[in-house]
Amino acid sequence: MLESSNKQALDAKDIAILEIIQENATISNKELAELLKMSPSATHSRVQNLKERGYIEKTLTVLNRELLGFDMLCLIHISLQTHNIKQIEEFYSKIVGLNQVLECYHVSGQFDYVLKVAMRNRRELRTFVLEQLTPISYIATVQTSLIFEELKFTTSLPLKQ
């Protein structure tokens, strides 16, 4: 039995549901019920309960970025000059509003933030850095790393230990 920080234990059926739907979010309730050897109504009820309890945050579709012309994936490492709360909150609000930013992490170590961005080409990356990031006066350092090859990408959590 898996217990999370919200103190509501997950039983084996809950974990099985989560494992299946994190790999195939479009599985029908009927198919899910058959895999779990449960009734469709019981399966539906459990999935709804997992959503209500916050275990399932959202269902989404992962697009093929290369087929859509976003051939460059980059990590942008950012250091701030100072770390006052006003600038951090302002930075958060600016970054959240930038569509090119796929992920943003506040990290420890040499840099303060790491952004994962998708770009169509070098020109678009240059424009993004020069027009969106460097004008932010309290950014001290911007360092960009091009991702040559994505060796692994998953959103699936290892629920079974």
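Numbering (this note's numbering), first residue to last: 1 to 161.
Ideal Cβ positions, reconstructed from N, Cα and C, are used throughout, including at glycine.
Remember, predicted model here, so these are calculated numbers, not experimental data.
Item                                                                                                                                                             : Value
Would you be able to state if there are at least three C-beta pairs under 8 angstroms between the segment 128 to 135 and the segment 58 to 69?                   : no
Tell me the residue span of the alpha helix (DSSP H) that contains residue 47.                                                                                   : 40 to 52
Identify every residue that forms a DSSP beta bridge with residue 139.                                                                                           : 80
Tell me, please, whether the segment 39 to 46 touches the segment 66 to 85 by the rule of three or more beta-carbon pairs shorter than 8 angstroms.              : no
Please say whether residue 74 and residue 146 have beta carbons closer to each other than 7 angstroms?                                                           : yes
Using a 10 Å radius around the Cβ and a threshold of 16 neighbouring Cβ atoms, would you call residue 62 buried or exposed?                                      : exposed
What would DSSP say about residue 130, mapped onto helix, strand or coil?                                                                                        : helix
Could you check what DSSP says for residue 19 in three-state terms: helix, strand or coil?                                                                       : helix
Alpha carbon to alpha carbon, how far is residue 109 from residue 116?                                                                                           : 17 angstroms
Quick check on DSSP: helix, strand or coil for residue 116?                                                                                                      : strand
Check the C-beta distance from residue 142 over to residue 129 and give it rounded, since I have them as a contact under 8 angstroms.                            : 6 angstroms
Using a 10 Å radius around the Cβ and a threshold of 16 neighbouring Cβ atoms, would you call residue 111 buried or exposed?                                     : buried
What does a CB cutoff of less than 6 angstroms around residue 77 pick up in its chain, not counting 5 residues either side in sequence?                          : 111, 114, 143
Measure the beta-carbon distance from residue 153 to residue 119 and round it to whole angstroms, keeping in mind my assumption that it falls under 8 angstroms. : About 17 angstroms separates the two Cβ atoms, so there is no contact after all.
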